[in-house]
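Participant:
Protein chains in written order, with my numbering: chain D, 58 to 272; chain Z, 58 to 272.
Dropping the structure here:
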């Protein structure tokens, strides 16, 4: 069975986005800085159609995750920043333009049914209205034996953690304090899953902490 | 000038104590487990009058901090778990018995004045009622050129961070999720200090992340 995992950048004080996210500033005030280490990495740039970048340990960590991922699940807000009916959503085709950087099947958690969307470069978006377990089941079937990655946002990650469905996770701890915003490891209930430290990779820019979760 | 620093164990979800702390369970439900890596370390055990323990990277990290510390500041709750007048506080001589493990001058932040307390083994407790800057000034004067360490709790750490007075910090990230309790890096205001990653030491039991703070 393929594993369910996630790879997310977090500030030392636990935030994955700063305060006041908007269409212009989807990661909130200061939130973009969480990803500076990735923007500088060769593997991230290549995946996003950009030349250059550093070929370093951080780039290797990203490349490893991309290679391991056969399908993606994400929350509605991660997909478009919107909510409610799709007709009213200015980003109803997602944030990423005609060729999103996933290149695998993506399953979007939503309360609003719609037909799947095939983008350039192999990314397909399917819209799942019957909950996180159904989305996971569809993603597993589409992953071709590779991992299913939760792309975010925090709420989707929290739902999968509370349901005890996550096998591994990698948190990229950015050396910064955001002070407020959206917390990643929040609302986990009274019995959060146990963790086992699996690997630590440290660079000057970020610390990659990987854990196995008790199932 | 001596540096102001702190060294605190935190769960991956940001807690330094679990829910429902009490006199019997001062670290709250599940909170003791944050410190298991330290309880197992030779240097921690020696400082607490216990034999044995492992001589490993974790033990070296503790020994390094102990050697660097010339004075300590702490909050009232860290000292006794209590609040209000000292006459009503069952732990008015602190948690640690006749020979506390500090062996340096300790400055306790409180609203309730009292005479200093000299304990066995070189620990003295002075009670500072005129705020965090006064406590820091007294601790610097007593530190003999070594560092001043904030022992905790979270509220004391947050006050010093908000005031921009912390020079370095080391967070020992324990591989666990507590789900609720007392957060360390919380209530930092709209402009928390900048961090620069200084050192990462990883063992199987814990990840030691050390940062310099922008002043």
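Built from N, CA and C at the ideal position, the CB exists for glycine as well.
In chain order, which continuous runs of the alpha helix (DSSP H) of length 4 or greater are located wholly inside the segment 173 to 241 of chain D?
Facilitator: 189 to 199 and 211 to 219
Participant: Since residue 147 of chain Z sits in a beta bridge, which residues does DSSP pair it with?
Facilitator: Numbered from 1 along the second chain, position 90 holds the residue referred to as residue 147 of chain Z. Note: residue 147 of chain Z sits in no beta bridge, so no partner.
Participant: Verify the CB distance criterion: does residue 112 of chain D have a CB-CB separation below 9 Å to chain Z?
Facilitator: To locate residue 112 of chain D, count along the first chain from 1; it is residue 55. No, because no Cβ of chain Z sits closer than 9 Å to the Cβ of residue 112 of chain D.
Participant: With distance defined between alpha-carbon atoms, name the residue in D:209, D:216, D:211 and D:181 nearest to residue 199 of chain D.
Facilitator: Position 142 of the first chain, counted from the start, is the residue given in the question as residue 199 of chain D. Minimum Cα-Cα distance from residue 199 of chain D among the listed residues D:209, D:216, D:211 and D:181 corresponds to D:181.
Participant: Give me the DSSP bridge partner(s) of residue 64 of chain D.
Facilitator: Indexing the first chain from 1 puts residue 64 of chain D at position 7. D:227, per the DSSP bridge assignment.
Participant: With a 10 Å radius around its C-beta and 16 neighbouring C-beta atoms as the bar for buried, classify residue 128 of chain Z as buried or exposed.
Facilitator: Your numbering for residue 128 of chain Z matches position 71 in the second chain. Answer is buried; the Cβ neighbour count reaches 16.
Participant: Would you tell me roughly how many angstroms separate the C-alpha atoms of residue 105 of chain Z and residue 157 of chain Z, rounded to the nearest one?
Facilitator: Reading the second chain from its first residue, position 48 is the one you call residue 105 of chain Z. Reading the second chain from its first residue, position 100 is the one you call residue 157 of chain Z. Using only the alpha carbons, I get a separation of about 8 Å.
Participant: Straight-line CA distance for residue 97 of chain D to residue 134 of chain D?
Facilitator: Counting from one through the first chain, the residue named residue 97 of chain D turns up at place 40. Counting from one through the first chain, the residue named residue 134 of chain D turns up at place 77. If I take the Cα positions, the gap works out to 25 Å.
Participant: In angstroms with no decimal places, state the Cα-to-Cα distance between residue 179 of chain Z and residue 117 of chain D.
Facilitator: As a working note, residue 179 of chain Z is residue 122 in the second chain. As a working note, residue 117 of chain D is residue 60 in the first chain. So the alpha carbons of these two residues sit roughly 50 Å apart.
Participant: Starting from residue 126 of chain Z, follow its DSSP beta bridges and name the residues at the other end.
Facilitator: If you number the second chain from 1, residue 126 of chain Z lands on position 69. Its beta-bridge partners are Z:204.
Participant: Below 9 Å between beta carbons: does that hold for residue 69 of chain Z and residue 232 of chain Z?
Facilitator: Stepping through the second chain from its first residue, residue 69 of chain Z is reached at position 12. Stepping through the second chain from its first residue, residue 232 of chain Z is reached at position 175. Yes, the Cβ-Cβ distance between residue 69 of chain Z and residue 232 of chain Z is below 9 Å.
Participant: With 16 other CB atoms within 10 Å as the buried threshold, where does residue 99 of chain Z fall?
Facilitator: Locating residue 99 of chain Z in the second chain gives position 42, counting from the first residue. Buried: at least 16 other Cβ atoms inside 10 Å.
Participant: Reducing DSSP to helix, strand and coil, say where residue 244 of chain Z ends up.
Facilitator: Locating residue 244 of chain Z in the second chain gives position 187, where the first residue counts as 1. Here residue 244 of chain Z carries a coil assignment [DSSP, helix/strand/coil].
Participant: Since I believe residue 259 of chain D is in contact with residue 257 of chain Z (beta carbons under 8 Å), could you give me their beta-carbon distance rounded to a whole number of angstroms?
Facilitator: The count along the second chain starts at 1 and reaches residue 257 of chain Z at position 200. The count along the first chain starts at 1 and reaches residue 259 of chain D at position 202. That pair is a contact at about 4 Å.
Participant: Do you know whose CA, among Z:67, Z:237, Z:59 and Z:254, lies nearest residue 77 of chain Z's CA?
Facilitator: Here the question's residue 77 of chain Z lines up with position 20 in the second chain. Comparing Cα-Cα distances from residue 77 of chain Z to each of Z:67, Z:237, Z:59 and Z:254, the minimum goes to Z:237.
Participant: Please report the Cβ distance between residue 224 of chain Z and residue 62 of chain Z, rounded to the nearest whole angstrom; I am assuming they are in contact, meaning their Cβ atoms lie under 8 Å.
Facilitator: Along the second chain, read from residue 1 onward, the residue named residue 224 of chain Z stands at position 167. Along the second chain, read from residue 1 onward, the residue named residue 62 of chain Z stands at position 5. Contact between residue 224 of chain Z and residue 62 of chain Z holds, since their C-beta atoms are separated by about 6 Å, short of 8 Å.
Participant: So, is residue 273 of chain D buried or exposed, given that buried needs 16 or more other C-beta atoms within 10 angstroms?
Facilitator: Since the displayed chain D opens at 58 and closes at 272, residue 273 of chain D lies outside it and no answer follows.
Participant: Beta-carbon of residue 78 of chain Z versus every beta-carbon of chain D: anything under 9 Å?
Facilitator: On the second chain, position 21 is the one that residue 78 of chain Z refers to. Closer than 9 Å: no.
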